[in-house]
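Q:
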Amino acid sequence: METASWHNLEIKKIFEILHTSNNGLSEKEAQKRLKKTGLNELAKKPPLTKLNILISQFKSPLVYILILAAIISLFLRHYTDLAVILIAVTINTFVGFFQENKANNSINQLRQLVRQYAKVIRNNKEKLIDAKYLVPGDIVILESGDKIPADCRLLVSEKLEVVESSLTGESVPSKKEVRITDLATTLADRENMVYMGTIIESGKATCCVCETGSNTEIGKISMLIRETPEEETPLQQNIRHLSKNLSIIILSISALILLFGLLKGQPFFADNNHPQGGMLATVVALAVASIPEGMVIAVTVVLALGMQTILKQKALVRKLIAAETLGSVSVICTDKTGTLTEGKMTVVQINLLDRKINLSNVYGTGKDIYEEYEMILKISALCNNSFIEKTEDNINQLKIIGSPTEKALMSASLATGLDLDSLKKQFVRIDEIPFDGNKKFMASLFRSNHKMQIFIKGAPEKILSFSEYVSVSGKKQKLSSAGKNKIKDDFEQLTKKGLRVIAFGYKNTDKDKIEEPLAGFIFLGFAAISDPLRAEAQEMIMKAASAKIKTVIVTGDHRLTAKTISEELGLKVKDENIMEGFELDKLNDEQLAKKIRNISIFARVEPRHKLRIIAGWQAKGEVVAMTGDGINDAPALKAADVGIALGSGTDIAKETSDLILLDNNFKTIVSAIKEGRIIYENIKKVILYLLSDSFSEMVLVSGSLIFGLPLPILPAQILWINLITDGFPNIAMTMEPGEEEIMDQKPRKKNQPILDREMKMLIFIIGLATDAVLFGFFLYFLKYDYNIDHIRTIIFSALGIDSLLYVFSCRSLRRSIFSRNLFSNKYLLAAVLTGFLLQFIAVYEPHLQTIFKTQALGWEWLLILLMALIKLLGIEITKFLFILKTKNV
Numbered sequence: 085m086e087t088a089s090w091h092n093l094e095i096k097k098i099f100e101i102l103h104t105s106n107n108g109l110s111e112k113e114a115q116k117r118l119k120k121t122g123l124n125e126l127a128k129k130p131p132l133t134k135l136n137i138l139i140s141q142f143k144s145p146l147v148y149i150l151i152l153a154a155i156i157s158l159f160l161r162h163y164t165d166l167a168v169i170l171i172a173v174t175i176n177t178f179v180g181f182f183q184e185n186k187a188n189n190s191i192n193q194l195r196q197l198v199r200q201y202a203k204v205i206r207n208n209k210e211k212l213i214d215a216k217y218l219v220p221g222d223i224v225i226l227e228s229g230d231k232i233p234a235d236c237r238l239l240v241s242e243k244l245e246v247v248e249s250s251l252t253g254e255s256v257p258s259k260k261e262v263r264i265t266d267l268a269t270t271l272a273d274r275e276n277m278v279y280m281g282t283i284i285e286s287g288k289a290t291c292c293v294c295e296t297g298s299n300t301e302i303g304k305i306s307m308l309i310r311e312t313p314e315e316e317t318p319l320q321q322n323i324r325h326l327s328k329n330l331s332i333i334i335l336s337i338s339a340l341i342l343l344f345g346l347l348k349g350q351p352f353f354a355d356n357n358h359p360q361g362g363m364l365a366t367v368v369a370l371a372v373a374s375i376p377e378g379m380v381i382a383v384t385v386v387l388a389l390g391m392q393t394i395l396k397q398k399a400l401v402r403k404l405i406a407a408e409t410l411g412s413v414s415v416i417c418t419d420k421t422g423t424l425t426e427g428k429m430t431v432v433q434i435n436l437l438d439r440k441i442n443l444s445n446v447y448g449t450g451k452d453i454y455e456e457y458e459m460i461l462k463i464s465a466l467c468n469n470s471f472i473e474k475t476e477d478n479i480n481q482l483k484i485i486g487s488p489t490e491k492a493l494m495s496a497s498l499a500t501g502l503d504l505d506s507l508k509k510q511f512v513r514i515d516e517i518p519f520d521g522n523k524k525f526m527a528s529l530f531r532s533n534h535k536m537q538i539f540i541k542g543a544p545e546k547i548l549s550f551s552e553y554v555s556v557s558g559k560k561q562k563l564s565s566a567g568k569n570k571i572k573d574d575f576e577q578l579t580k581k582g583l584r585v586i587a588f589g590y591k592n593t594d595k596d597k598i599e600e601p602l603a604g605f606i607f608l609g610f611a612a613i614s615d616p617l618r619a620e621a622q623e624m625i626m627k628a629a630s631a632k633i634k635t636v637i638v639t640g641d642h643r644l645t646a647k648t649i650s651e652e653l654g655l656k657v658k659d660e661n662i663m664e665g666f667e668l669d670k671l672n673d674e675q676l677a678k679k680i681r682n683i684s685i686f687a688r689v690e691p692r693h694k695l696r697i698i699a700g701w702q703a704k705g706e707v708v709a710m711t712g713d714g715i716n717d718a719p720a721l722k723a724a725d726v727g728i729a730l731g732s733g734t735d736i737a738k739e740t741s742d743l744i745l746l747d748n749n750f751k752t753i754v755s756a757i758k759e760g761r762i763i764y765e766n767i768k769k770v771i772l773y774l775l776s777d778s779f780s781e782m783v784l785v786s787g788s789l790i791f792g793l794p795l796p797i798l799p800a801q802i803l804w805i806n807l808i809t810d811g812f813p814n815i816a817m818t819m820e821p822g823e824e825e826i827m828d829q830k831p832r833k834k835n836q837p838i839l840d841r842e843m844k845m846l847i848f849i850i851g852l853a854t855d856a857v858l859f860g861f862f863l864y865f866l867k868y869d870y871n872i873d874h875i876r877t878i879i880f881s882a883l884g885i886d887s888l889l890y891v892f893s894c895r896s897l898r899r900s901i902f903s904r905n906l907f908s909n910k911y912l913l914a915a916v917l918t919g920f921l922l923q924f925i926a927v928y929e930p931h932l933q934t935i936f937k938t939q940a941l942g943w944e945w946l947l948i949l950l951m952a953l954i955k956l957l958g959i960e961i962t963k964f965l966f967i968l969k970t971k972n973v
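Following our numbering, the residues of the sequence shown are numbered contiguously, the last one being 973.
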């Protein structure tokens, strides 16, 4: 049967075709079908193979120049130049391949961690499984915020609305119904079908999986089944543009030098009078030395390694841009539940209107103490969308899956001896208004013994506003103004203790739908829920403050609850530092901008308020991170500079976010921000190292040609330094650990240029200082008629050793080289030692002496080392005078 006809079949017929029922499949049958249909995954773009990465190393203008030079050398039978150029290309390719392959592997591993789960009925029991194991015939339960895991036919629909823009392009949510649609109905109008990849905006549904994987509608659209390539971050784009601009400048300079040399009588190619190389080889070497070709790859590696480090700290970076932006975060807007608290909610007390019940005294007794108490327990269990799953290891052990609040209420009900299975048989749910952050309540309509009742739970002020009566000792009474004030006083006393308060009510009805606006309810009382602060929360708040990052609590809880929690966190919060959602509504954007810096707590906020809070901070030039977990948080997560979804959040929240907290811990946010700062600093260090070396070599070669001097260093020697001596430290610098005081600095501005004043100054000073000393050496040895090959060996070795030593100064722009632990980056130490060894080999190994025209050195090594150390000292003095000192002004 054609898959397009699922929408035109009776449910009974669908069950018959798929050999399933409302009880779902058995595990054995599901496994059998999985082998036949395969995993429920879309066809993916073939992964980038090692061969692809290898080939991509040759797609560079620089490599094109080298290959052209190699072909010309072969044609002219300059085999030494040919060998050196080919070796240079090979080494450049190997280094680029190594770095890019490492980055690619890291990113692929992170992507594999992103999973989607589905709530299914198997063996007539609800359970949570990885969505890729769904098969046709599975019965799936969907809720608001879920990403639909397969193409499904609706069996039950409760006010279901689905955003199908990923499939139809229509951004307005589609209302869904169970009824059959005509065979000719277009996909966008099939109200009884939900499709893979679309998002539930609101409501609930039970449905039957009809198609999985590539057989789904989205799986048939080839342009949608291909993963979009990872977009470059702004920093990567800036680096690429910087490299491109530098390349244009350097190639222009090379062309001018080529013309200048030819006009002065220098040969285009090597000849008998110029055996060391013609102008073409010289300018190619100059270009190779000057263009930091490994810079773009190094940036990608730093970002990828940073993402891996963040993952080890229990956060998953979904986009490279987040790894970059994290270091700029200056304001963290966070809910308290689960991030600042443990997220282990427990009902500690139930307050009726005439008494208080401490649940620690009644757990496990099964006693029906008071009518209102019993009713609250029933509502806690029935007006509740959490569900119970028996673990495979222990059939008698129950696992409650759902939101923290609903899990706490369900657990309290079960702990008092309530029989949930019997209760659900007695009370059949007919209709529901699901909880959301805007309404702050949930209502469910039940039929029991031919009687219809609406159960309601939510924020106390909301439930009070719907109530006209109270129940006291089993008697219904009119709710007076004095009674309302007494109830408000009672729950405010609990909120002052930092407890979350949930109120309960009910009413009888003769309707089979819940009609809004709600009214006429009987108020029963409320439950007080504790959620202890995380042990490390206060320390992390203080750590963020020392990093000049403001933490703002944005919560739906009562202002007194939030204030108590903030005081326990060590925050000094006055009443004027707290703003509630209704107060926010009274302010225009300009008024909010004036007040926002003084607000530390936003209480009783709705998801829509989060957008204004983000915009308010961004208007002040701040970089905002915002946490969220619900479907209504998605716009705020998207609007924030860094959207942070809780690992326990909805699919849509995770899809929209830049960062997912796998442990829901505020500590993880602070750790991720720290790593973001380290990432940015390491990128700066790599760029400083590469550009300062390139600048030195360019000025040295250009200067000698302009003044009509012999080349102080040969093309082959430049290639060796650029690709061998510098290559290993360049890789090692990507793994530089963070500096101790990195979280004592102000956040950088989001669009701050990577090449700031300090960087340019250091590059300029390092380059000129190096060239001044080397030109001095060169002229001195020329004056005393030293052999030109011997002089070039000195310059060659001096440049190589110098770059190996000043890399240690590049490890920090803020601290002296002498204050950093030499062994904190063992990779760098090994790279430098390897560089020394290779430099000595290039000078002393007979075959390499022939290629590089080097001669053995003696006392000159002391001179070279002394020069490098003096230059290193000069760099440190420059850092102190122009960078460290100005930063402390």
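Beta carbons are placed, not taken as given, at the ideal position from N, Cα and C, and that holds for glycine. Predicted, not measured: the structure shown is a model, and the values here were computed from it.
Determine whether the beta carbon atoms of R832 and S412 lie at a separation below 7 Å.
A: yes
Q: Smallest Cα separation from D777: which of P837, S741, I849 and P794?
A: I849
Q: Could you tell me how far apart the beta carbons of D869 and K937 are, in whole angstroms, since I believe they sit closer than 8 Å?
A: Their Cβ separation, rounded to whole angstroms, is 18 Å, which puts D869 and K937 out of contact at 8 Å.
Q: Can G654 and G521 be called in contact, C-beta distance under 7 Å?
A: No; because the gap between Cβ atoms is not below 7 Å, this pair is not in contact.
Q: When the distance is taken between beta carbons, is L118 closer than 7 Å to V219?
A: yes
Q: Consult DSSP for N1057 and reduce its assignment to one of helix, strand or coil.
A: Outside the shown range of the chain, which is 85 to 973, sits residue 1057, and nothing can be said about it.
Q: What is the rounded straight-line gap between the Cα of K535 and the Cα of Y454?
A: Here the C-alpha atom of K535 lies approximately 22 Å from the C-alpha atom of Y454.
Q: In terms of residue numbering, what span does the alpha helix (DSSP H) encompassing F812 cover?
A: G811 to M817
Q: Whole angstroms is fine: what's the gap from G450's alpha carbon to G501's?
A: In this predicted model, G450 has a pLDDT of only 44, less than 50, meaning its place in the structure is not dependable; the value taken from the coordinates is given anyway. Each residue's Cα considered, the two are about 4 Å apart.
Q: Do E301 and D222 have their C-beta atoms closer together than 7 Å?
A: no
Q: What is the DSSP secondary structure of L238, reduced to helix, strand or coil?
A: strand
Q: Under 7 Å, do L746 and P719 count as touching if we go by C-beta distance?
A: With a cutoff of 7 Å on beta-carbon distance, L746 and P719 are scored as not near each other.
Q: Under three-state DSSP, which class holds E426?
A: coil
Q: For the pair the segment 489-497 and the segment 459-468, tell me if three or more CB-CB distances fall below 8 Å.
A: yes
Q: Going by beta carbon distance, what residues of the same chain come within less than 7 Å of A202, once the five residues before and after it are set aside?
A: I213, A215, L218, V224 and P233
Q: With distances taken from CA atoms, which of L271, I625, A915 and L921 is nearest I757?
A: Checked all of L271, I625, A915 and L921; the closest Cα to I757 is I625.
Q: What residue range does the beta strand (DSSP E) around F550 cover?
A: Counting along the chain, F550 falls outside any beta strand (DSSP E), though it belongs to the alpha helix (DSSP H) covering P544 to F550.
Q: Tell me the residue span of the alpha helix (DSSP H) that contains I625.
A: A621 to S630
Q: Measure the C-alpha to C-alpha separation of K524 and Q433 and round it to an integer number of angstroms.
A: 21 Å
Q: Assess, as a yes-or-no matter, whether the segment 755-770 is touched by the segment 408-426 under the definition of 3 or more beta carbon pairs within less than 8 Å.
A: yes
Q: Buried or exposed: where does N533 fall if 16 or more other Cβ atoms within 10 Å of its Cβ makes it buried?
A: exposed
Q: Verify whether the separation of the beta carbon atoms of E820 and N909 is less than 7 Å.
A: yes
Q: Assuming K769 contacts R895 under a Cβ cut-off of 8 Å, what Cβ separation, rounded to an integer in Å, is found between them?
A: Contact holds; Cβ gap of about 6 Å.
Q: Measure the C-alpha to C-alpha separation of V636 and C417 and round it to an integer number of angstroms.
A: 5 Å
Q: If you scan the segment 505-564 from start to end, which runs of the beta strand (DSSP E) of 3 or more residues do you find wholly inside it?
A: 512-517, 525-532, 535-542, 551-556 and 559-562
Q: Run through DSSP, which three-state label would D214 get?
A: strand
Q: From what residue to what residue does the beta strand (DSSP E) around I485 run?
A: L482 to I485
Q: For E825, which residues from the same chain have a beta carbon less than 8 Å from its beta carbon, with the 5 sequence-adjacent residues on both sides left out?
A: R898 and R899
Q: Give a yes or no on whether the C-beta atoms belonging to A587 and I649 are separated by under 7 Å.
A: no
Q: Could you pull out every residue in the same chain whose Cβ sits closer than 6 Å to the Cβ of I875, ignoring the five residues on either side in sequence?
A: F865
Q: Going by DSSP, what residues sit across from Q433 in a beta bridge?
A: Bridge partners of Q433: N442 and A612.
Q: Identify which residue in G792, L774 and F862 has its Cα closest to the Cα of E944.
A: F862
Q: Rounded to whole angstroms, what's the CA-CA distance from S306 to L271? Just pull it up for me.
A: The predicted model places S306 with a pLDDT of 47, which falls under 50 and marks its position as unreliable; any figure quoted below should be read in that light. Their backbone Cα atoms lie some 17 Å apart in a straight line.
Q: Given N322, which residues of its chain have a CB within under 8 Å of its CB, disregarding the five upstream and five downstream residues?
A: P837 and I838
Q: With DSSP as the reference, please indicate the residues paired to T290 in a beta bridge.
A: Looking at the DSSP assignment, T290 forms a beta bridge with I225 and V240.
Q: Ordered along the chain, which non-local residues of its own chain (more than five positions away) have a Cβ less than 6 Å from that of E242?
A: Counting only residues of its own chain and dropping the five nearest sequence neighbours on each side, E242 has a CB closer than 6 Å to the CB of G287, K288 and E516.
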